[in-house]
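**Q**
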Amino acid sequence: MTSVPTLSLGDVEVSRIGLGTNRLSDTPEHVALVKEAVAAGLGHIDTAHTYTGGGSETTIGAALSPFPDGCVVATKGGWGGSRSDVIRSEIEESLRRLQTDSIALYYLHRIDPETPLEESLTAIEEYRKSGKIRQVGLSNAGIDQIERARQIVPISAVQNHYNLSERRHEEVVDYCAEHGIVFVPYFPLRGDGGRPLAEVAERHGATHTQITLAWLLRRSPTMLPIPGTLNLEHLKQNLAALKVELSDTEFQALQ
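Here's what the structure looks like:
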């Protein structure tokens with residue numbers, strides 16, 4: 000029996016497909032969805048301070064607090080500005096919404112051209128040292144910025160736009176793999192694999208989505224896609240992609 004692939008996100012082993020929650024809203028239906036998703040084997044949930052005006056974080060907190068062992072909830076701050084006072088305020092609000100005293104993974108959501116990267120990350124590092132944040136990540140970052148960041152705080156994850164069609168961050172993917180940093184592609188399913196994707200999917204008796212996710216997992220050993228869905232059956236189908244193994248020929252056909 001093939002084991003489900005996992006990777007280390009901080010001190011937790013999680014399965015290599017997570018859930019993006021940029022459409023999750025504070026409703027009883029979505030609270031139930033998050034609970035059911037974790038019960039179905041989901042190990043990583045990604046949210047942000049800005050998602051649905053804070054509703055995404057609030058929903059996750061209502062559904063999961065206290066967070067179960069083996070489930071890593073990540074959030075992000077600093078999208079609209081990342082001065083140290085803004086970062087501190089958003090971290091405190093995220094802690095309240097998520098109903099937790101420690102955020103497993105916290106990303107700087109966007110590197111603010113108006114604010115030195117060092118100022119933003121020093122504020123985040125204060126919270127890491129106090130235990131209110133356990134791991135730190137960067138979003139929408141290049142290699143130079145990652146290397147600058149690593150001089151201030153250990154970087155556990157990088158979240159950039161990446162999929163079958165969007166390949167601007169190939170070098171970042173490889174850099175992260177080389178340095179043991181988890182690479183989290185957002186919008187992982189928006190790429191177009193064309194006829195090769197359809198042919199590989201038919202050969203495996205799988206959906207196009209499952210083959211796309213299998214390709215991402217094969218692309219890098221530290222890849223952790225976070226496809227978003229509000230449908231439990233779709234989520235279960237996404238998790239089933241963990242069992243799809245592409246041959247060398249199939250992987251190359253999708254390159």
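The numbering of the sequence shown is numbering that gives the first Met the number 0, which starts it at 0 and goes up by one.
We treat Cβ as the ideally placed atom computed from N, Cα and C, and that holds for glycine.
#1: Go ahead and label PRO184 buried or exposed: buried means 16 or more other beta carbons lie within 10 angstroms of its beta carbon, across all protein chains shown.
#2: Rounded C-beta distance between LEU104 and GLN150? I'm assuming under 8 Å.
#3: Between the region 206-226 and the region 166-173, can you find at least three pairs of beta-carbon atoms closer than 8 Å?
#4: What does the Cβ neighbour count give for ASP100, buried or exposed, with the cut at 16 atoms within 10 Å?
#5: Note down, in chain order, each residue of its chain lying with its Cβ closer than 7 Å to the Cβ of ASP25, except the 5 sequence neighbours on either side.
#6: On the CB-based measure, 16 or more other CB atoms within 10 Å of its CB, does ARG109 come out buried or exposed?
#7: Can you tell me whether DSSP reads GLY193 as helix, strand or coil?
#8: In chain order, what residues of the same chain have a beta carbon less than 7 Å from the beta carbon of ASP84, not counting five sequence neighbours either side?
#9: In this structure, what does DSSP give as the bridge partners for ILE132?
#10: Can you list, in chain order, the residues of its chain with a C-beta nearer than 7 Å to that of ASP111? Leave out the 5 residues immediately preceding and following it.
#11: Name the DSSP beta bridge partners of PRO184, please?
#12: ALA63: which of ALA36, HIS48, GLY179 sits nearest, CA to CA?
#13: Please list the terminal residues of the continuous beta strand (DSSP E) segment that includes HIS260.
#14: With a 10 Å radius around its C-beta and 16 neighbouring C-beta atoms as the bar for buried, classify ARG15 as buried or exposed.
#15: Mind checking whether ALA213 and VAL243 have CB atoms under 8 Å apart?
#16: Between ASP68, ASP45, PRO115, which lies nearest to THR228 when the distance is taken from Cα to Cα?
#17: Quick one: residues in its chain with C-beta nearer than 6 Å to the C-beta of VAL30, no 5 flanking neighbours on either side, listed in chain order?
#18: For PRO226, count neighbouring C-beta atoms within 10 Å of its own C-beta (all shown protein chains included) and say buried if the count is 16 or more, exposed if not.
#19: On the DSSP bridge assignment, give the partners of VAL13 in chain order.
#20: Measure from the alpha carbon of ALA38 to the alpha carbon of each residue in GLY69, THR51, GLY19, then state which is nearest.
#21: Taking ASN159 and HIS168 to be in contact with their CB atoms under 8 Å, please state how far apart those CB atoms are, rounded to whole angstroms.
#22: Is the separation between the beta-carbon of GLY192 and that of HIS207 shorter than 8 Å?
#23: Label LYS75 either buried or exposed according to how many other C-beta atoms from any shown protein chain fall within 10 Å of its C-beta, with 16 as the threshold for buried.
#24: Could you pull the start and end residues of the beta strand (DSSP E) that ASP45 belongs to?
#25: By the DSSP assignment, the beta strand (DSSP E) with THR74 in it spans what residues?
**A** Reading off the structure:
#1: Stepping through the sequence shown from its first residue, residue 184 is reached at position 185. Per the 10 Å Cβ criterion, buried.
#2: Counting from one through the sequence shown, the residue named residue 104 turns up at place 105. Counting from one through the sequence shown, the residue named residue 150 turns up at place 151. Contact flag wrong, Cβ pair sits at about 20 Å.
#3: yes
#4: Looking up residue 100 in the sequence shown gives position 101. Exposed, since its Cβ has fewer than 16 Cβ neighbours within 10 Å.
#5: Residue 25 sits at position 26 when you count from the first residue of the sequence shown. Correct list, in chain order: GLY54, THR57, THR58.
#6: Here residue 109 corresponds to residue number 110 of the sequence shown, with the count starting at 1. With 16 or more Cβ atoms within 10 Å of its Cβ, ARG109 is classed as buried.
#7: Working through the sequence shown from its first residue, we reach residue 193 at position 194. Residue state, collapsed to three classes: helix.
#8: In the sequence shown, counting from the first residue as 1, residue 84 sits at position 85. Answer for ASP84: no residue qualifies.
#9: Numbered from its first residue, the sequence shown carries residue 132 at position 133. For ILE132, which the question treats as bridged, DSSP gives the partners ILE102.
#10: By one-based count along the sequence shown, residue 111 stands at place 112. Around ASP111: GLY77, GLY80, SER81, SER119.
#11: Along the sequence shown, one-based indexing puts residue 184 at 185. Note: PRO184 sits in a beta bridge opposite ASN159.
#12: Walking along the sequence shown from the start, residue 63 turns up at place 64. Reading the sequence as shown, one finds Leu at residue 63 and not Ala. It is ALA36 whose Cα lies nearest to the Cα of LEU63.
#13: Outside the shown range of the chain, which is 0 to 254, sits residue 260, and nothing can be said about it.
#14: Taking the first residue of the sequence shown as 1, we reach residue 15 at position 16. Burial call: buried.
#15: The residue given as residue 213 occupies position 214 in the sequence shown. The residue given as residue 243 occupies position 244 in the sequence shown. Yes. Within cutoff.
#16: Along the sequence shown, one-based indexing puts residue 228 at 229. Taking only the C-alpha atoms, the option nearest THR228 is ASP45.
#17: Here residue 30 refers to the residue found at position 31 of the sequence shown. Same-chain partners within the cutoff: THR58, ALA61, ALA62.
#18: Mapped onto the sequence shown, residue 226 falls at position 227. When all chains shown are included, PRO226 counts as buried.
#19: Within the sequence shown, numbered from 1, the residue matching residue 13 stands at position 14. LEU6.
#20: The count along the sequence shown starts at 1 and reaches residue 38 at position 39. Comparing Cα positions, the closest option is GLY69.
#21: Translated into positions along the sequence shown, residue 159 becomes position 160. Translated into positions along the sequence shown, residue 168 becomes position 169. At roughly 5 Å, the Cβ-Cβ gap stays under 8 Å, so ASN159 and HIS168 are in contact.
#22: By one-based count along the sequence shown, residue 192 stands at place 193. By one-based count along the sequence shown, residue 207 stands at place 208. In contact: GLY192 and HIS207 (Cβ atoms closer than 8 Å).
#23: Within the sequence shown, the letter at position 76 stands for residue 75. Classification of LYS75: buried, given that the 10 Å Cβ count is 16 or more.
#24: Numbered from its first residue, the sequence shown carries residue 45 at position 46. First-last of the beta strand (DSSP E) with ASP45: 43-45.
#25: The residue you call residue 74 lines up with position 75 of the sequence shown. Element bounds for THR74: 71-76.
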